[in-house]
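> Following this message is one structure expressed as C-alpha cells.
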Amino acid sequence: MLKSKTFVKKTRSGGVMKIVREHYLRDDIWCGSEVCNECQQESSVLQRDACIESNLCSFPHYLIPDTNVVLHQIDVLEDPVIRNVVILQTVLQEVRHRSAPVYKRLKDLIHEKERYFYTFTNEHHRETFIEREPGESANDRNDRAIRVATKWYSQHLNKCDADGLKVVLLTNDLGNKQKAEATGLLAYKFEEYVRGLIANPELVDRLALSNDDKNDITSSKVLFPEHLPLSRIQAGIKSGSFLQGTFKASRDNYLEATVFIQKDEEDGTEVLIQGLQNLNRAVHQDVVAVQLLPRGQWVAPSAVVLQDVGSAKDDTTEEEEDDALKGSAGEVDRKPTGKIVGIIKRGWRPFCGMLNVSQIKESTRHLFTPADRRIPRIRIETRQASTLAGQRIMVAIDGWPKDSRYPNGHFVRSLGTAGEKDTEEEVLLLEHDVPHQTFSQAVLSFLPKMPWCIKPEDMVGREDLRHLTVCSVDPPGCTDIDDALHCRQLNNGNFEVGVHIADVSHFIRPGNALDKEAANRGTTVYLCGKRIDMVPELLSSNLCSLRSNVERLAFSCIWEMNQEAEVLKTRFTKSVINSKASLTYAEAQMRIDDTSKKDDITSSLRGLNKLAKILKRGRIEKGALTLSSLEVRFHMDSETHDPIELQTKELMETNSMVEEFMLLANISVAQKIYDEFSDCALLRKHPAPPPSNYDILLKAAKSKAVQIHTDSAKALADSLESAKVENFPYFNTLLRILATRCMMQAVYFCSGMDRDFHHYGLASPIYTHFTSPIRRYADIIVHRLLAVAIGADSTYPDLTDKHKQSALCNNLNYRHKMSQYAQRASVAFHTQLFFKTRGILSEDGFVLFVRKNAIIVLIPKFGLEGTVFFDGKDKSGIRLVFDEEAPSLTVEQHTFHIFDRVKVTISLDDSNIQHQKIRMALTEPVIPGVSVSAQDAGPQAKKPKLDR
C-alpha cells in the first residue's frame, strides 16, 4: 500500500521544483511478542512471561514509553529491572532528532538481547500509520500516533492466548494521558509507574525531576535574570547584538568564566564573564548567547583563586563577589566583558562526584559536589544518602530554575568507594569521556581467526624484508610495538635506513564495526599501570605488534642517505619483516656504548644514532624548538600495584634517535599523501602562538635580565639556547618549561579545508602522523591514503570526502586532548597514593607563577606543581602586594619573583576524600606571622616532548 505527497518547492535560482514523497505501508510487520500466533515472525523479542513486581501493575505487561519519557528518563530505562519495552518508530525518530547521546544509549538498549526492547515500525504499518490532520501540530500528531500504536498492540494481543498480558503507555504529558485513558488505554505517569515497583525502590532516585518537583524545591527569591527565548537569541545573533560561543568555566574561580567565540576554522576570541548574575546559570561546555557590556564596564580577569565552599544558601553576598573579582585596573589588562542572556544548547552529561549529606535530619534533599571544579554543585533528592555517603556517584542535571542557587538533578548510579583505585580510575575515565567499555561481539567478530599466519595472498604487492636486521626500541614493558628500524651501509658508501610501521590497516578494513569503534576511540589511553586500547588486544599486543623473532606485516618507509644524513631517495612499500630484537631505550643505549659489541644489531643502532644526531642538529638550525617538561615514572609494587617509587624520567640518546626517524618518516609520508590527495590528506599542524601567549615568558626572563625574542620559532629557539644565569644552572630548564606553556595545541586537519600547514614546533612546512597506527586512528587513515598513493590498496568514498575527513579530525583532536587530561589525572592520583605512606617530606622547589594571593611552586624531583596561598584578608592584617608587570607578590617584607628558590614540605591532605591533595607548605623563606594553606598539587602540566 502506497501513500504519497506532492508539493512544490522554490529553488535558490528562483525556479520551481515538484517533489513527490512516497510512503510505503505494509501489513506484514511483526509485533515481536512470544504470545503472538498471528504474525508470521521468525523470532520474537518480547517475553510471554513479562512480569515485574509492582503494586500498580500486578499483571504481565509490555511498556510503551513516549518520546519525553525516553529523553528524560533514560537513566531509569537503562536499569535491568525495566524489560519488555516497545520502542515505537515515532519515538525513535524524535529521539534521534532531539538528542544524539540519548539516541545512542537507546540503540544500545535495543541491541541488548537480555533486555527485551523491541522496535516496532508503526509509521510503516498499515493499521498504525496516521496522517497529520489540518491544524494539528507535529507534536500532537506524534502523540496521537503513539496512542494509536498502543491501541493496536492492546487489541492485537487480546486476539492471542495472552494470559492477561496488557500494554501500558508511559507518559508524563497529562493531556496525552487523559486522551489515552478516554480511549480505554492503560496509561501511567512514569514516576507513578516507577514508584509502584516493589523490589527496586532505589530507582526512584534516578527519576529526572518533573516541572512540579522543580517548582517544589526552589525559593521564591529570583536570583538570576530570565533566559531569552531562542527566537530572540537567533534574531540578536543575526543583528550582531548577541554573540554565540562555548562557555568555559574557570577551575580557579567559580565566579568567573570565558565564552569562546569562534570566528572561523582557525581564529576565535574570548569574552570574560564575571559574577553570578552575569554567569546566569550557564554550565561548562554549554553553547550560550552572550551580550557585550559597554566598554566602560570591561574588567580584567581576577587574580584571586576562589572555590565555592558550598553552602546550601540560595545567595552569595555582594561583598564575597567584590572580594573575588578584583582584577587589575590597568586599561591594557581589561578584556571584552559580557553577560549570558540565553542558552542555545546545553552541554550537560552525567557528572561524577560525591554527596554532601544534609545536616537536616531525615531530609531527602542533598548537595552533590562534582569532581570537576568547573561544574557547580547540584541539588538532588535521594533516600539512600546514608548508603551513598563516602561513595563516588554519578548525577545528571535536570534543570536550573532562575530562583535556585544551584541546578537540580537526579542520582544515576554508584561507582564504588571513594579513594579505592578501581573507583578512582573509573571516575577519571568517565570524567574525561574516554571510551573504555569492553569490545562488543560485533567488533570482535572482525578479528582474524586464530591461529593466524601470513598467507600467500598477503604477500601480493609486498616486499619481503625478513632478511634485514630490523629491531625495535621502546620504553620498558611495551607490548604494543608500532615501529622498528634498520640501518645498513650500501656498496656506494651511503646508508639505507628503514622505518617499519605495523600494518594495522591490513586487519582493520574501512566501515566495519572494528573500524568504527577504533575511529570513535581515536587513541589508546595510557594510565599509570593500565592501558585502554584503541583496538582489541589480539591486534595491539600480538598480530600487529612488531615483536622480535616473529613475522609481521609492515608498512615501510625506506631512504637512501649520504654520510651527512641528506635524503637522496625515498620509497614506500608494504612489507613483511622479522624483527631481530625488541630493546628498551636503556638496552639500546648500552649496546651503542659498549665498544666490545660488533654484531649486526649494534652496528645498525650505531648507524642510526650517528645519522639521528645530524638530523636533529639540522632541525634545530632550521628553528625547531627544544622545549622541556618533567615526566614522572612510577615503580609499582608487583602485588598491590601501588606506587613504591616516583622519579622523573631520564632521556637518553636512543630516545632522540628513535624520535628523529619517526619525525622524518612522518614528514616524508605527509608530503607523499599531499602530492597525491591535495584535497583530502589528513595532516597535522602546530599553529604559531599569538604574541600575547608569550607575556609570562618575557616577563619571567626579564626579571632575570635575560632577553627572549619571539618573532619566529628560530628566534625563540636561539634565545632559549643562549639564556643562562650565573650560578643558576636550572634556569634554562625552567625557562623552557614556561615556553612550553606558551605553545598552542597541535591539531589534525584535512588539507582541503585549510591551507596553513606549518608545524611551528618542528619548523616543518608539512607534517602528519604515520608511525603509531596501533594507538592512533589518524595513522590508520594516513596508511590508507599512502597505500592508495602507491597502488597497494583501493580507495573508498569516505577517504576522499574532505568534509567527512574534517569531521573525523574534530573527533580525533577531542579524543587526543581528553586522553592527555586523563593521563595527567592518573599521574596525579598515583602521586597521592605514593605520598600516602610517606608522611611529610621537605623538598626544594622554584616559584613558577605568582598570583594575587598565592605562588605556584614546582618541585623538579617529583615533577610536582602546587599552590601555596597567603591569607590576605583584613582579619589577619597580612600585607599582600601583587605586581603583575614584574611579576611579583610581596608578602609582608618578602617579595616572591618567578624562578625564586623556595623550600616546602609535601604531604597528603586527605581531609576531603573527594578532592585529596598533595599539600605544599612554605618553610623557606620564613615570613613571621604569616599562615599558608595549600591547594591541589599535581603533576606538572605538559605538552608532548615532540609531536611524533
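One point on numbering: in numbering that gives the first Met the number 0, the residue at position 54 of the sequence shown is 53, and numbering is uninterrupted. Each residue gets a CB set at the ideal place from its N, CA and C atoms; glycine is no exception.
Is the CB of Ala-699 under 8 Å away from at least one CB in chain D?
In the displayed structure, chain D is absent; only one protein chain is listed.
> Helix, strand or coil: which one does DSSP assign to Trp-451?
coil
> Going residue by residue through the stretch 237-274, where are the continuous beta strand (DSSP E) segments of at least 3 residues, counting only ones entirely within it?
242-248, 255-261, 267-273
> So what does DSSP say about Cys-741, is it helix, strand or coil?
In the structure shown, the three-state DSSP call for Cys-741 is helix.
> What separation, rounded to the nearest whole angstrom, lies between the Cα atoms of Glu-922 and Thr-522?
According to the sequence displayed, residue 922 carries Thr and not Glu. The straight-line gap separating the alpha-carbon atoms of Thr-922 and Thr-522 is approximately 43 Å.
> Taking Cβ to Cβ, would you say Cys-527 is nearer than 8 Å to His-914?
no
> Using CA coordinates, which residue listed in Phe-868, Glu-559, Thr-478, Ile-18 is at the minimum distance from Gln-488?
A check of alpha carbon separations from Gln-488 across Phe-868, Glu-559, Thr-478, Ile-18 identifies Glu-559 as the nearest.
> Closest by CA to Ala-148, which one among Phe-128, Glu-132, Tyr-776?
Phe-128
> The beta strand (DSSP E) spanning Met-560 covers which residue range?
550-560
> Can you give the Cα-Cα distance for Leu-832 and Leu-427, rounded to whole angstroms?
Rounded to the nearest angstrom, the two C-alpha atoms are 15 Å apart.
> Output the boundary residues of the alpha helix (DSSP H) element that contains Tyr-759.
Premise fails: Tyr-759 is in no alpha helix (DSSP H) and is neither H nor E.
> By Cβ distance below 8 Å, which residues in the same chain neighbour Asn-279 in space, the five residues on each side in sequence not counted?
Closer than 8 Å at Cβ, skipping near neighbours: Phe-223, Pro-224, His-226, Lys-338, Ile-339, Val-340.
> With 16 as the cutoff for other CB atoms within 10 Å, does Leu-184 come out buried or exposed?
buried
> Comparing C-alpha positions only, which one of Glu-122, Arg-364, Ser-793 sits nearest to Glu-21?
Glu-122
> Buried or exposed for Ala-669, going by 16 or more other Cβ atoms inside 10 Å?
buried
> Which one of Leu-545, Val-826, Leu-567 has the shortest CA to CA distance from Phe-494?
Leu-567
> Indicate the three-state DSSP secondary structure (helix, strand or coil) for Pro-335 in the structure shown.
coil
> Pair every Cβ in the stretch 675-687 with every Cβ in the stretch 759-777, then say whether three or more of these pairs are closer than 8 Å.
yes
> Would you tell me roughly how many angstroms separate the C-alpha atoms of Thr-245 and Asn-277, rounded to the nearest one?
15 Å
> Kindly indicate which three-state DSSP category Lys-8 falls into: helix, strand or coil?
strand
> Expressed to the nearest angstrom, what Euclidean distance is found between the alpha-carbon atoms of Asp-873 and Tyr-253?
Bear in mind that the predicted position of Asp-873 carries a pLDDT of just 44, short of 50, making it unreliable; the figure below should be weighed with that in mind. Looking at the two C-alpha atoms, the distance is approximately 22 Å.
> Given a cut-off of 8 Å on the beta-carbon distance, is the pair Gly-343 and Val-289 in contact?
Checking the displayed sequence, the identity of residue 343 turns out to be Ile instead of Gly. At least 8 Å separates the beta-carbon of Ile-343 from that of Val-289.
> What does the alpha-carbon distance come out to for the pair Arg-900 and Leu-484?
Distance between the alpha carbons of Arg-900 and Leu-484: 44 Å.
> Going by the CB atoms, is the gap between Leu-196 and Ile-73 shorter than 8 Å?
Cβ atoms of Ile-73 and Leu-196: not closer than 8 Å.
> Roughly how many whole angstroms lie between the Cα atoms of Lys-420 and Ile-392?
15 Å
> Does the distance from the C-beta atom of Asn-67 to that of Asp-172 stay below 8 Å?
yes
> Where in the stretch 18-81 do unbroken runs of the beta strand (DSSP E), each at least 3 residues long, occur, reported from the N-terminal end onward?
60-64
> Pick from Val-867, Ile-855, Lys-851, Thr-836: whose alpha carbon is nearest that of Leu-907?
Thr-836
> In this structure, does DSSP put Arg-947 in helix, strand or coil?
coil
> Does the beta-carbon of Ala-564 have 16 or more other beta-carbons within 10 angstroms, so that it is buried, or is it exposed?
buried
> Taking the alpha-carbon of Ser-677 as reference, which of Ala-821, Asn-157, Leu-784, Glu-725 has the nearest alpha-carbon?
Answer by Cα proximity: Leu-784.
> Helix or strand or just coil, what does DSSP make of Ile-480?
coil
> Could you tell me which of Ile-780, Ser-385, Ile-379 sits nearest to Lys-360, measuring between CA atoms?
Residue Ser-385 is the option with its Cα nearest to Lys-360.
> Which of the three DSSP states is assigned to Glu-126 in this structure?
Glu-126: coil per DSSP, three-state reduction.
> If I'm right that Gln-88 touches Phe-119 with Cβ under 8 Å, what's the distance once you round it to whole angstroms?
7 Å
> Where does Lys-698 sit, in a helix, a strand or coil, going by DSSP?
In this structure, DSSP gives Lys-698 a helical state, which the three-state scheme calls helix.
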